[in-house]
Amino acid sequence: MANIIVIGAGMGGMACAARLASKGHTVQVLEHNDTWGGKLGSVEHAGYKFDTGPSLLTLPAVYRDLFLKTGAAIEDSIEIVDLETAFRYQFADGTVLKMPGTGIGRCAEAIGDTLGGNSADQWREFMRRAAQMWLVTRKPFLESELHGLKSLLALSWRVNDIRTIAPTKTLRAMASKYLDDPRLLTLVDRYATYTGSDPRQAPAALATVPYIEQMFGAYHVAGGLRELGRALYERATSIGVKFEFGCTVSNIATEPQVSGVTLDDGRFIPADIVVANSDATNVYEKLLSPKAQQQTTSAKKSLAKATPSLSGFVILQAMTGKTPDFEHHNVFFPENYDDEFDSIFGIGKKVSPVSDPTIYICSPNDSKMTPAGNESWFMLINAPRHDPVNGVDWSDSELKHSYTEQILTALKNRGFSTEGRISWQQTVTPDDLERNTLAPGGSIYGTSSNGMRSAFLRPENVTKIPNLYLVGGSSHPGGGLPLVGMSAEIVASHIGRA
Ligand SMILES: Cc1cc2nc3c(=O)[nH]c(=O)nc-3n(C[C@H](O)[C@H](O)[C@H](O)COP(=O)(O)OP(=O)(O)OC[C@H]3O[C@@H](n4cnc5c(N)ncnc54)[C@H](O)[C@@H]3O)c2cc1C
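FYI, in this note's numbering the residues of the sequence shown are -17 to 480.
Below is the structure:
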């Protein structure tokens, strides 16, 4: 059995630590912050509770499996809540589409009832194609180790599978083939942002994201999504994982082989195996010695070719009273969605905050998070990452203030005024996100899926340095709670076999 260090107590780090400890390894997690969870944060104020990261749980089966494999039922620790209405979408023309929770048939009906025409049948067809994509990609790609472009080549002997995932088509192009209504295209575009990407550049295979949401459900966790992190932390500690908080790893010793890590305070902690849950860019550029960096130049080159994922501008608001016609998840689309992606990724214009952005508000229908008769709003706006040199300097407090006002005005123009209702407010910028989670630029998902080869350029979980592994949203298979959980399984299985 090995002595293993995990750098970072994000969901990927903790999930991997728990899986490894349950196999009998000695596991210690070293975390820069004074708490677990990483991007899965939360804030409390005067009885109001806010998730500051994930607000939507999909594919809970990934964490159910993790809990079962490590000796407990997840339901003993948290309550996973199925939402009757998954989303309230408001389009620029004022149309409101209330998308039901689990069930592609129910969702297609709601689409048909609201948008009319052939939209219901078209949606069913589109989801049928997405189902095929999910079947083809789940096992051989998402749940398996990545071997760069070799992974694509390995799929390519199955010509029909390649045809199904249409690797040269973008999400926008694929959706346009099936759907006529521009509002449905807008809806599908949004799913590219679930991987921090632009729908005009992201691969068609992202059609699996709405498929997963509608087929397997959109869930809340009672008390807030951070409760999933708490449950995982407690699971990990109960099977022997040791955590040390407030310590930052500054170097991974790899010569002549992985032998441990050095902390900011100079301490050296020995280990046979190191699993890094810190962002892959930081691992390759900051935590390895120059010699080890030479050994990993191909991984660094792939990272350099990829576009970093978008970030987010978050406004938390304690609201007095209840908003009429509001759901747990609410999305307000703008007139010109393309401008959002042009601004964020600097296409045909300078990278800049989106002037008229999509506004997403999570107002949890959860008495554990909100004083009776009131609401805790988590507002998320897609934003370019923090890049004071070539992009947006989000540490500028004037920008933070004026952008907040701009968004509240945009929301008012879409029929939802917050005037006189905000009893407390806090803003979290991409700069704050970078500082809080050590994610470069505050990128939410590491690298984006922009570009047809993006999925195959993601950092591999098994690095070129023996006994050094990457886990979490910046490595294969990607960001978001389900994929991060899958990356932990891939790493733990590989270590089990090694
Ligand atoms: C605003 C926002 C909204 C989101 N919404 C959703 C959603 O609705 N649904 C969903 O599924 N996902 C969502 N996500 C994405 C999801 O939060 C992430 O994909 C996931 O939590 C990332 O987990 P991770 O394991 O990659 O690690 P992270 O959460 O990035 O944690 C990494 C940890 O490593 C620590 N660390 C880094 N470097 C070092 C070092 N050198 N030494 C010690 N410690 C270090 C960091 O402090 C951090 O705690 C959202 C994220 C954000 C920010």
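The beta carbon of each residue, even a glycine, is placed where N, CA and C say it ideally should be.
*When we look at the beta-carbon of proline 422 and count the other beta-carbons within 10 Å, is it buried (16 or more) or exposed?*
buried
*Taking the beta strand (DSSP E) that asparagine 418 falls in, what are its first and last residues?*
Per DSSP, asparagine 418 belongs to no beta strand (DSSP E); it is in the alpha helix (DSSP H), 412 to 419.
*Does the beta carbon of aspartate 348 come closer than 7 Å to any beta carbon on chain B?*
Given the protein chain composition of this structure (a single chain), no chain B is represented.
*Which whole-angstrom value describes the C-beta separation of aspartate 261 and leucine 420, a residue pair presumed to lie in contact below a C-beta threshold of 8 Å?*
Contact holds; Cβ gap of about 7 Å.
*Please determine, among Gly355, Gly53, Thr67 and Ala54, the residue with the shortest C-alpha to C-alpha distance to leucine 38.*
Thr67
*Close-in-space but distant-in-sequence residues of the same chain around leucine 450 (CB under 6 Å, 5 per side omitted)*: Val240 and Val256
*asked:* For the alpha helix (DSSP H) containing glutamine 196, name the first residue and the last one.
replied: 190 to 198
_Three-state secondary structure (DSSP) of lysine 332_ = Three-state DSSP puts lysine 332 in coil, outside helix and strand.
*Beta-carbon gap between arginine 182 and arginine 154 smaller than 7 Å*: Contact flag set, yes.
_Nearer than 6 Å: is that true of the beta carbon of glycine 454 relative to any heavy atom of ligand 1?_
yes
*Do you know how far the Cα of alanine 174 is from the Cα of arginine 147?*
The sequence given here has isoleucine at residue 147, not arginine. If you take the alpha carbons of isoleucine 147 and alanine 174, they lie about 15 Å apart.
_Below 6 Å, is the gap between the Cβ of glycine -6 and the nearest heavy atom of ligand 1?_
Checking the 6 Å criterion, the Cβ of glycine -6 is within range of a heavy atom belonging to ligand 1.
*Counting Cβ pairs, one atom from each stretch, are 3 or more of them under 8 Å apart for the segment 20 to 38 and the segment 288 to 304?*
yes
_Assigned exposure category for lysine 21 - 16 Cβ within 10 Å defines buried_ = buried
*Hey, could you find the ends of the alpha helix (DSSP H) asparagine 142 is sitting in?*
Per DSSP, asparagine 142 belongs to the alpha helix (DSSP H) from 141 to 147.
_Candidates Pro272, Arg217, Glu322 and Pro353, of which the one nearest leucine 48 by Cα_ = Arg217
*asked:* Here's the rule I'm using: 16 or more other beta-carbon atoms within 10 Å means buried, otherwise exposed. How should asparagine 395 be labelled?
replied: Exposed, because fewer than 16 other Cβ atoms sit within 10 Å of the Cβ of asparagine 395.
*Starting from the N-terminal side, write out each stretch of the beta strand (DSSP E) that is 3 residues or longer and does not extend beyond the segment 374 to 409.*
none
*Within the same chain, show all residues whose beta-carbon is closer than 6 Å to that of phenylalanine 315, passing over the 5 residues directly before and after it, in chain order.*
Phe73, Ala74, Thr168 and Thr340
*Entirely enclosed beta strand (DSSP E) segments - the segment 2 to 44, minimum 3 residues*: 8 to 13, 24 to 27 and 30 to 33
*aspartate 64 - containing beta strand (DSSP E), residue span*: 62 to 64
_Inter-residue spacing [alpha-carbon to alpha-carbon] between leucine 269 and proline 238_ = 16 Å
*Using the Cα positions of histidine 311 and alanine -16, report the straight-line distance between them to the nearest angstrom.*
44 Å
*Tell me which same chain residues have a C-beta within less than 7 Å of the C-beta of alanine 54, skipping the five on either side of it?*
Arg217
*By Cβ distance, which residues of its chain are closer than 7 Å to alanine 102, with the 5 residues on each side in sequence left out?*
Ala90, Glu91, Ile93 and Gly94
*Since histidine 476 is in the alpha helix (DSSP H), which residue starts that stretch and which ends it?*
463 to 479
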